Every structure is written in structure tokens, then in C-alpha cells.
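I have placed the structure first, in the form of C-alpha cells, so that the comments after it can refer back to it.
Residue numbers (the numbering used here): 7 to 153.
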């Protein structure tokens with residue numbers, strides 16, 4: 007029940023943040039801040055085992071690249087997320103910088119995954135956000151690698 011309520015709250019927030027802006031309403035610093043908030047929601051959903059909330063943040067043709075291995079398509083991305091989420095409550099993301107393109111925004115940052123053992127990891131990530139037709143911003147490609 008706790009996970010269901012959290013998932014519903016996160017999905018509602020994601021819908022509000024992603025869907026109600028016009029296609030050119032967010033640019034520059036406002037867009038960067040908006041997508042920073044969305045990445046924070048991604049981290050919260052990851053920690054809480056909310057695969058459906060995570061998947062709602064991806065485009066219909068997503069790609070994930072864990073440690074250099076490209077996996078495309080919703081089913082593959084869902085499988086990776088299901089294997090990864092909820093493994094620790096000690097997960098954090100830090101967005102370092104970003105680059106705005108025509109209908110895209112690339113975020114770069116670091117992550118820490120500490121499961122309480124020597125197997126935790128620290129690494130870097132890159133998220134490419136793509137602007138949809140209705141102005142929502144969704145992840146089209148997410149890559150990460152351990153340092």
C-alpha cells in the first residue's frame with residue numbers, strides 16, 4: 007500500500023511537471039531546473055521500487071545503456087528497471103550540467119548506489135530528454151557507467 011501511494015503521488019507530480027507546459031514555454035535555465043526536478047523524481051521512484059512511475063518518464067522508444075551495453079525498446083528498459091530498482095534506499099543522483107539542443111536536453115551527472123556492502127557503486131550518467139508533441143519532456147536515452 008505504501009509503495010502504491012508513493013507511486014501514485016510521484017506519477018501525479020510527473021504528469022503535472024511534464025504535461026502542462028507548452029512546447030516552447032521552457033527554455034534555458036527554466037528548462038534545466040524543470041528537468042532537474044524530474045531527475046529527482048526519477049531517483050525517488052528508483053529508491054521506492056516504482057517501475058511504472060519510471061517507465062512513464064521514458065519515450066515510447068527508449069534506450070538504456072548500462073555500462074556500455076545498449077538495450078532498446080520498452081520491454082528491455084522495463085526489464086532493466088525491474089532488476090535495478092528498490093535494491094537500496096541509499097541511492098542518490100546529482101545533476102552536474104546540461105546542454106540544450108533543438109527539442110532535446112542532455113543532462114550529465116553522478117550517482118551513488120550504496121547497498122551497505124562492498125558491492126555498492128559510484129558512477130556517471132547521461133540522460134537525454136526529448137520534447138514530445140504536447141510539450142512534455144521524456145527520457146529517450148539513459149546511459150550510466152560505474153567509475
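Glycine is no exception: its CB is placed at the ideal position from the N, C-alpha and C atoms. No experiment lies behind these values; they were computed from the predicted model shown.
- Around the C-beta of residue 39, fewer than 16 other C-beta atoms lie within 10 Å, and the residue is accordingly described as exposed.
- A straight line joining the alpha-carbon of residue 37 with that of residue 89 spans about 30 Å.
- Around the CB of residue 108, fewer than 16 other CB atoms lie within 10 Å, so the residue is classed as exposed.
- A distance below 9 Å separates the beta carbons of residue 33 and residue 106.
- Proximity to residue 67 across 73, 60, 80 peaks at 80, based on C-alpha coordinates.
- Sequence-distant Cβ neighbours of residue 102 in its own chain, meaning closer than 6 Å and more than five residues away, are 114, 115.
- DSSP, read as helix, strand or coil, puts residue 139 in coil.
- Beta-bridge annotation (DSSP): residue 131 is paired with 115, 150.
- According to DSSP, residue 104 shares a beta bridge with 113.
- For residue 70, the uninterrupted beta strand (DSSP E) run begins and ends at 64–72, by DSSP.
- Taking the Cα positions, residue 45 is about 14 Å away from residue 130.
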